[in-house]
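Down below is the structure, laid out as structure tokens.
Chains as they are written, first to last, in our numbering: chain Y, 12 to 1023; chain E, 3 to 178; chain A, 68 to 524.
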């Protein structure tokens, strides 16, 4: 999606780079009184600079469609996949008996979806899922609410994994040096070398895998290593958690997994841990337990966050302290010392000291009912300190429990890879199997895995993966993997519970799972993944009726009672190392991208176009710097800078992120892919060259220099501020706990809503009425801002459920993204450390809908149950409805955004939702297809629809239960009760649109000591 | 005499024509008509033509238009295609006023034009008066008065004498 | 009555220069159509405008092929050039009907020499305007769904929508203007029929003349029909831009939802319409040497109308600001603030200069009566009125209630091509008009001559 040089030039012509004077910003800030919400820094200078920036954003005359990934471009398929054309119609159930998640015997009723329990393994942790299957085609992933880890709701990765499976860019056949080969040719090719390896005990045989949590796979590897005793198995993932395990090792003398029980925590302190983001192990459970304690009417917990880069967790904090990663360590040591743990002296400045004192006080006051969570980006010592602190506070065993690790045979992955590279360079490696991962792209720069692979003439190298990526390019042999929805496997959830991964569809391209590949290596040709997994578990379960247990496991999606038992471990009087010497050098922080992680998901258009939680950035990974630093260096968003670290240079665009720690830069991994596919290739900037094995997350002394270039960034959030006298009160309301206690209706009273009698026409009565609303339903939604952690799961779920198109960067730049629900992020207060608020915005389903009134053809009208229906076939696309929508939730197909050709994508779509074509307006419908499904069911057994029977896609995906949908006519329904609460308010109530979607105002629980 | 359609006198100015017309009418001729390159006030009255019924036609058109306009909207919105639009009642009369007005004007305007043409018997590409060679100046700078043979008082010689008494530039026969 | 008395106002220049006879005016005007050879200038001008029409064709063709996305429109700014141009063209159209209908009712005889091409201008402007609502929809091939017709789907238009009001208002306006214009042409067609030497021309004009022979009875009915048409067109012309203004006033967007729109839209329309009349009249009277029929008196009066309507428009601008300041509505205050200092402050202040400040020159008779300055002022006003619509459409939409969704609008090359293309279409139509139709109403000019008067005595 790089813009063509001509366009680029135009842009520069139109808008010569000019500094954004942050001085004016702060001047303006000085004037600000009362709550003023704003979207990002530049907006503040609503001045000529700002105008120029807007210019750059979308210069006059820029061509509108030069965008490899836009519209048709995106996910458009070449001839190859036309071979699949016939497939879209027919059912592709795997041959083995898989067990649907249904009490009835499995049988497909045409048009009726079935749900199957399975699990998705990401980062070595299995997330149990229920996957919806239409006529044998998986169409939607949901969480498995019956799982012991209580994983109702799901995350963006589970939701988006569906698109991965149908991704037309996936490799479709084995290849030798890029030429298509058959599986047989491959097995023949490796048979000989393996035999000779066997002779020498596998001396030259090496395997490189990502961390493994699948018991079956672990068992296979063990077997393989018995067969080849001298062979070596290496593990590496760029998102390794070496520091976490190292910390456990340091503290307890053994690598243990740490799990947190937030339901019992009154005070939570996060040391740079983004535990509410889906990338944190067990985040779904943590999120649910955390928000359970955010109810202002019950005992509300208090969250302190010390962090470098703003994160959703920081956004939810009652008190947030932005510190450089190195200072976080100092803070941890100071905290430990304050609690009487010998952690090396470290001094804090006045403000931080006060902060620390308050935290210490609170933690001690809540002995055994607090928790300190350490982020994986912190060095081992800090983790060890966190363990010691938790023990000292009596949290161990209560809010913090220790179990054995989810990963089979955990190792220090960096060392593991280092050894492999050493062997390669030493010429000790004769056969190398890389099973997944992408080391050529993401291995530490100092190891230079790529050249090691090229230089050391390894006779046989095989890369096994879903894509022919950068690594595959350097491996003569490529074999294509099967997606988790296509293959049998198993895995452990973060609490250790075992799930069997059962496929919902036979491999689209005859890919083979890693299990089958290993079997092939061990000469067990022809054995299927199903047999491998099943046999393993049969072996495990000698006693008892295996058949029943197996069926049960498949049906439920997990094996009951396999969760790890807590281990009693004690902190040995360990040496926590010395406090690192202060260095004033510019600090460079590496973070996984919140959407594409380490880059493995880079070709997933749903994730690429998903606005990142804090910056609302899409399709790119600009480097974050704080406002203060930006002002000092005269940098503004979209400036291109050069980052230099020990000789290596990398260019990256800048994003000035409010609340980012000063004198630090945060870059995000996972972009600048060269061979990702049509969506991922070329997007963003590759920062791996700066990342070395000794400084995987934090490096000091990076040089940042301005290049004078600018780079267009596609953020879906407006840059603008609201004029202060207007404020954002009509839109977004929040208050403190005290405020709420004294004044529960504070949110409603913020804005004066018109009295009902004011309208010319009487309001429609949506009560039960045989002539109008025969069934008496009135659908409505309540969104609790206190619960929303901005994880975006609702957005991807909506995309998946409603067949929403991906439009590509250029179109996002033009404000044409298609999300039916968005999560707005508002900032308030001091830019150096603002408080942030999330607000999910679907269609409000206004009873007095302004959009309907202006549609000339009646393409959007009101149902008797209060839905603002959208009739796509009738729409002629005047866009008047969108203009007149005060919430701007309507989306328009400006061009042919949908792909009507690619067979895979036809298979992926939800058959219950029409696919919108060009020139048509679309919008959220409260998942009307689900409402109608439920209505049919209820009418069949002649009853009313039960409360909670209908879940909208966003509601079902939300791990925090922030979104509640139901019948507002039923006073006992959950939604009606929520709307009856004092915190309940309507967005822009003064317009008298009478929205059916209302919000519960956010209530924060600041510590009076620190407040003000 | 059946091959004569009438007798036509040509005049220099509107004043002459007006005088001639009045005298002709006074002296009992009824089947007469006057021709001028532009409308002359009172000329039609002078030849005894008082009542054009155009306004009536327009009134009728306007009323029909209004009825059609409002009727259509009422029928569509409440019977044919009743929809809950933004919580407004099916019969949102204030919103229907505009279209009603436009339809009134449209029908009235068309009635005016086509009514006028119809009453004038236009289009009528052929008419005997065009057979008079000099008549083509009727659309430029000459003024004509024609007595038709259908007039009971018409009698070629006599009428010609009468017309010549009005001091025209010329008198010519209008052939059938 | 002497020719001196013909002059309505002694201080005024006469409507038509002395010395003309029925024959001379007839000859002079019809000769332009019947005898004058095609000039090189005309050819070149027509070819140039024709090429712009081709460009318009390309722009529309590509639009239908690819979709509305080739324009700069987006969410939140769902309307862009298309609607701006639509309102602009419709506004320009208003002058013609105003001149032929309202001034006719007021017995303003000076309008007789400019109403013909003013009406033609109206038709062509409405034609250009009409293009936009059709092509701006996402699915232009379905635009006919906006008309009420019994469809097999059993669906009907939604009569509460201002867009449907537009459909009726604009199509009525177009139709009535057309028949009004044609009615006025019938007697002149007869003249051309009788004067044409070429037999094909004679035949064509003959057909168009419908056998008009200037009978006194016909004239009688003709006059009353014409008077009634004028009477109907007067409220019509006022209603059309009122309805257009409803497109905005009916909505709830800040900057759109305001009751002052109808009057100041109408005033603005007449403002720009007269500007266009002058822009056409000034060159035409020079090229075709018609200074004796389109005299300084006409320029002067037209300029006065511009000045008056311009002041009404200015009042509108002031009221918007005043009400935002005086009223309780915060989003209105925000809007005014955005207009003054926001990213589109440039166009906004340009609007003030073009529509309010520069036209004050028209207070000076010297400017009102000297062609070149008047021509330039008219150009400025025409541009200013385009800016007004830009300000209304874009500035109001790009920052509405929802800060998270604020955006910017930048026109693309296709927006420009479409706009300029319609300018070409308009001008080519004018070029054809002056060559094949009498651009001044011959019979109405005759009525202005002294000898037209019947002398009693």
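We treat Cβ as the ideally placed atom computed from N, Cα and C, and that holds for glycine.
Keep in mind it's a predicted model, so treat the numbers as computed, not measured.
Over what stretch of residues does the alpha helix (DSSP H) that includes residue i continue unbroken?
i	result
residue 1068/Y	It is not possible to answer for residue 1068/Y, since the shown part of chain Y is limited to 12 through 1023.
residue 1028/Y	In this structure chain Y extends from 12 to 1023, so residue 1028/Y is not present and cannot be described.
residue 247/A	229-262
residue 401/Y	391-403
residue 116/A	107-133
Against residue i, what residues of chain E qualify as contacts under a CB-to-CB distance less than 9 Å, listed in chain order?
i	result
residue 869/Y	83, 85, 87
residue 872/Y	85, 86, 87, 88
Taking residue i as the query, report the chain A residues whose CB atoms sit under 9 Å from its CB, ordered along the chain.
i	result
residue 1002/Y	319, 468
residue 135/E	Simply none; closest approach about 11 Å.
residue 929/Y	133, 134, 135, 136, 205, 206
Could you give the distance in angstroms between the alpha-carbon of residue i and the alpha-carbon of residue j?
i	j	result
residue 788/Y	residue 133/Y	41 Å
residue 989/Y	residue 1006/Y	15 Å
residue 455/Y	residue 843/Y	32 Å
residue 937/Y	residue 853/Y	8 Å
residue 786/Y	residue 883/Y	25 Å
residue 588/A	residue 499/A	Examination of residue 588/A is not possible in this model, given that chain A is present from 68 through 524 alone.
residue 870/Y	residue 812/Y	22 Å
residue 36/Y	residue 403/A	Reliability of the predicted coordinates at residue 36/Y is poor, the pLDDT of 46 falling under 50, and the value obtained from them is presented with this limitation in mind. Approximately 21 Å, taken between the alpha carbons.
residue 222/A	residue 132/E	54 Å
residue 949/Y	residue 919/Y	28 Å
residue 385/Y	residue 762/Y	41 Å
residue 838/Y	residue 797/Y	15 Å
residue 74/A	residue 361/A	Confidence in residue 74/A is poor, its pLDDT being 43 and thus under 50, which makes the residue's placement unreliable; the coordinate value appears in the next sentence. Approximately 14 Å between the Cα atoms of the pair.
residue 146/Y	residue 155/Y	21 Å
Identify the contact partners of residue i in chain E, using a Cβ-Cβ distance below 8 Å as the criterion.
i	result
residue 277/A	119, 124, 125, 126, 127
residue 772/Y	89, 90, 91, 94
What does residue i touch in chain Y if you count any residue whose Cβ is under 9 Å from its own?
i	result
residue 390/A	Correct list: empty, because the minimum Cβ distance to chain Y is about 16 Å.
Which bits of chain Y does residue i rub up against, with CB to CB less than 7 Å?
i	result
residue 210/A	887
State the start and end residues of the unbroken beta strand (DSSP E) segment that holds residue i.
i	result
residue 660/Y	659-667
residue 839/Y	833-839
Using the beta-carbon of each residue, which ones in chain A are nearer than 7 Å to residue i?
i	result
residue 49/E	283
Taking C-beta pairs closer than 8 Å, name the residues in chain A that residue i reaches, listed in chain order.
i	result
residue 904/Y	134, 205
| task | Note down, in chain order, all residues in the segment 775-802 of chain Y with a beta-carbon under 7 Å from any beta-carbon belonging to chain A. | result | Hits within the stretch: zero.
| Contacting positions in the segment 139-162 of chain A - beta carbon closer than 9 Å to chain Y | Within the segment 139-162 of chain A, the residues whose Cβ lies closer than 9 Å to some Cβ of chain Y are 139, 140, 141, 142, 143, 144, 145, 146, listed in chain order.
| query | Given a limit of 8 Å on CB to CB distance, which residues of the segment 109-132 of chain E reach chain A? | reply | Contact annotation: in the segment 109-132 of chain E, residues whose CB is within less than 8 Å of a CB in chain A are 110, 111, 112, 114, 115, 117, 118, 119, 121, 122, 124, 125, 126, 127, 128, 129, 131, 132.
| query | Residues in the segment 882-894 of chain Y with C-beta within 7 Å of chain E's C-beta atoms, listed in sequence order? | reply | Listed by position, the residues of the segment 882-894 of chain Y near chain E (Cβ gap below 7 Å) amount to none.
| request: Determine which residues of the segment 212-234 of chain A have a Cβ less than 7 Å from any Cβ of chain Y, and write them out in chain order. | output: Closer than 7 Å at the C-beta level to chain Y, one finds these residues of the segment 212-234 of chain A: 212, 213, 222, 224, 225, 227, 228, 229, 230, 231.
| task | Run through the segment 143-219 of chain Y for me and flag every whole alpha helix (DSSP H) of 4 or more residues, listed as ranges in chain order. | result | If we require 4 residues or more, the alpha helix (DSSP H) runs fully inside the segment 143-219 of chain Y come out as 167-177, 194-210.
| message | Please give me, in chain order, every unbroken run of the alpha helix (DSSP H) with length at least 4 that falls completely inside the segment 229-309 of chain Y. | response | Runs of alpha helix (DSSP H) with 4 or more residues, each lying fully within the segment 229-309 of chain Y, are found at 253-263, 294-303, listed in chain order.
| field | Residues, ordered as in the chain, of the segment 90-105 of chain E that lie near chain Y by beta-carbon distance below 9 Å | value | Residues passing the 9 Å Cβ filter: 90, 91, 94, 96, 97.
| query | Going along the segment 302-318 of chain A in order, which residues come within less than 8 Å of chain E, judged by CB to CB distance? | reply | Cβ contacts with chain E come from 302, 303, 306, 310, 313.
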